[in-house]
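Report on one structure; see the data block that follows.
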Amino acid sequence: MKKRRRPADPVVAARKARRRNNIPAEPNAAEPIPKRILRSPLVWLSVVMLLAYAVCLVLLYRQVVPDQQVPGGLIPGLGTEAIPIAARYAAITAIPLSLLFLWADRFRPQRFWVWLMTFGWGACVATFFSAQINTWAASHLSIVGDGDPATGARAAIYVAPFVEEAAKATVLFWLVILMRYQWVSRVSGIVLAGLSGAAFAFVENILYYGRAYRYAARTFGEVAPLDALQDLFMLRGVMTFFAHPLFTAMTGIGLAVAVRSKSKVVRVVAPLAGYTAAAFLHMCFNASASLLQGRQLLLIYLLVAIPLVIGMVIFLIRQILREGRLIRTRLVDYVRLGWLPEADPAALSRVRTRGRALWQAMFLGSAAFLATVRMQRTATELAYLRDSVVRGIVDTAGAEREKLLLHRMYALQGLAVVQPAARAAYPAFRRRRTIPATPAYAPAGFPGPAGLGGNYPAPPPQSYPVNGLQGQTAIHYSEVDPTWKPPGQ
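Heads up: the sequence shown is residues -3 to 485, going by the numbering used here.
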C-alpha cells in the first residue's frame, strides 16, 4: 500500500522558490536592527573577508618593503620612506576613478559592503596572489629558458595578463553566485569590475612608484628620487590610468550578459569570452610597453588605446540611458493595469528628475528624504524584476516579491517626492530688525540750519516767547489776567 505524500508546506515551498531565483528575503521589521545585523550571513562573510584582506596586505608588505637577505646577497626592498610618498601619488588616480565608477551606478547602486568587498579584493587579494605567481613564472622563464635577460618580458606578456585578470575577476564570479538578483545590467558589471581594477592598479602603482623612488635614491647623482617618481607617475598615473579598469570591464560585461540571459550556452560562453577579451587586451598592452618605444609606442597609444577608452565611455553612457528607458517601459506595464500613476514612470526613470526629487526632499525633513530614496530604489527593483519575469529569468516566485514592492510604493506615495516642484521648499531665514541709533542731542524745534533740511545739531534748549511756550521743554501756556487792557483806556 502506497503512502500518501504529505502536502508541501507553502512557507517552505515559497522559501525554496525564492532561493532558486536568488530573490532576497524581506527582513523582519519587528526585530531590532542589531539583531538583524548579527543574524545576516553577509555581515559575517564581510568580517571574514576583511580579515583575509588584512592578512594578504600584511604578507605583501613584508615581502616588498623590507630588504630581503638571500644566499647570493641582499635584495633591496621599497623601504618605509618611499611607501607614503608612492601611496599619495597612487591615490591621485585611484580615488577619482573609483568615485567615477560609483557615480555611474545611478539607477541600481549596490550596497556599501559590496563596493568595499570588491575594492578590497582587488587591492589586497588580487595583488598578493598575482605577485606570487608572476614572480614564480618570471624566475622559471628567465632561468629555465635560454638565459637571455630579454626573456624577462615573457612573464609580462604571456603570464601576467592571464594571472592578473583571473585574480581581479574572481570576486566578480563570487558576487554573481551570491547576489545574482542584484546584477541587473551591464552597468553593474562595468562598475564592479572597474572598482576591482582600480584597486589593483592602486597597489600596483605603489609598488612601481616605490621602486623608482628607491632606485633613484640608491644611484646618487643621476636623477632625484622625486623626479624619477613623477616621471613614472606621468606614464602610469596619467597616460595609462585606464588600463586595469578597462581590461577587467570586459569580464564584467561578459558576466552581466550571462546573468541576464536565459540561454545556458550564453551563460557559459559569455563570461569566458569576457575573460579572454580582458586577457588579450592586457597582453597587447604589456607587449607594446615591453617591445615598442618612441614613435611606435606613441602611435599605438593614440590610434589604439585612446579610441578604446573613448569607446568604453560611450558604451557606458549609452547603457545608462538604455537602463532609463528600460525602467520607464517596465513601469508603464503597471500604469496600464492601473496600479501606478501615469506620471510616475517618466519621473522615476530620468536621472535628472530623480536627482531633483532627492534635492527637494532634503528640505522637507529626514523622513521625506528617506522615503524618496526608498521609493526610487523600490521602483527600480520593481522594473528590473518585471524585466526578469518577461525574459524568463525569474519564474512565478517573483509574483510575491512584485506584490510586496507595489505595496511598499503605495505606502510611500504620500511622503516621498516623486514629481519635483518647480522650486524646492528652501527655509526662510528671518532678518534681524535693525534698531536705529538714538541721537545724542535733542531734535530741532524750529526751522533753520538745525531744523528741516539742516546740517547742524539743534542749539541747547532755551526759552522762546512763542505763544507762551517756554522753549522745547515747556508743556503749558502762561496764565492770562482777565482784567488786563491796553494803557490809556
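Built from N, CA and C at the ideal position, the CB exists for glycine as well.
Proximity to residue i [Cα-Cα], best of the options
i           : options               : result
residue 268 : 291, 250, 300 and 35  : 250
residue 57  : 75, 45, 47 and 44     : 75
residue 188 : 239, 112, 258 and 210 : 112
residue 373 : 198, 236, 230 and 354 : 354
residue 55  : 44, 100, 124 and 83   : 124
residue 371 : 392, 345, 382 and 396 : 345
residue 319 : 241, 71, 40 and 380   : 380
residue 77  : 207, 357 and 414      : 207
residue 192 : 213, 218 and 240      : 240
residue 9   : 393, 42 and 53        : 393
residue 197 : 61, 28 and 116        : 116
Residue i classed as buried or exposed, judged by whether at least 16 other C-beta atoms fall within 10 angstroms
i           : result
residue 97  : buried
residue 201 : buried
residue 399 : exposed
residue 292 : exposed
residue 486 : Shown here, the chain extends from -3 to 485; a query on residue 486 therefore has no answer.
residue 209 : buried
residue 183 : buried
residue 99  : exposed
residue 223 : exposed
residue 347 : exposed
For residue i, three-class secondary structure by DSSP
i           : result
residue 70  : strand
residue 289 : coil
residue 13  : helix
residue 356 : helix
residue 409 : coil
residue 226 : helix
residue 8   : helix
residue 372 : helix
residue 324 : helix
residue 65  : strand
residue 338 : coil
residue 347 : helix
residue 297 : helix
residue 233 : helix
residue 331 : helix
residue 361 : coil
residue 414 : coil
Residue range of the unbroken alpha helix (DSSP H) whose run includes residue i
i           : result
residue 187 : 182 to 214
residue 30  : 29 to 34
residue 49  : 37 to 60
residue 164 : 156 to 174
residue 391 : No alpha helix (DSSP H) holds residue 391; DSSP gives it neither H nor E.
residue 243 : 239 to 255
residue 109 : 108 to 116
residue 19  : Taken as a continuous stretch (DSSP letters only), residue 19 belongs to no alpha helix (DSSP H), as it is neither H nor E.
residue 90  : 78 to 100
Straight-line gap, residue i to residue j (C-alpha atoms, nearest Å)
i           : j           : result
residue 284 : residue 296 : 8 angstroms
residue 390 : residue 23  : 21 angstroms
residue 169 : residue 48  : 18 angstroms
residue 11  : residue 20  : 10 angstroms
residue 384 : residue 165 : 25 angstroms
residue 221 : residue 63  : 18 angstroms
residue 80  : residue 205 : 10 angstroms
residue 264 : residue 270 : 11 angstroms
residue 153 : residue 280 : 8 angstroms
residue 129 : residue 159 : 7 angstroms
residue 133 : residue 126 : 10 angstroms
residue 176 : residue 255 : 7 angstroms
residue 310 : residue 30  : 43 angstroms
residue 277 : residue 304 : 10 angstroms
residue 181 : residue 26  : 33 angstroms
residue 362 : residue 104 : 21 angstroms
residue 244 : residue 238 : 10 angstroms
residue 248 : residue 422 : 42 angstroms
residue 294 : residue 84  : 27 angstroms
residue 258 : residue 388 : 7 angstroms
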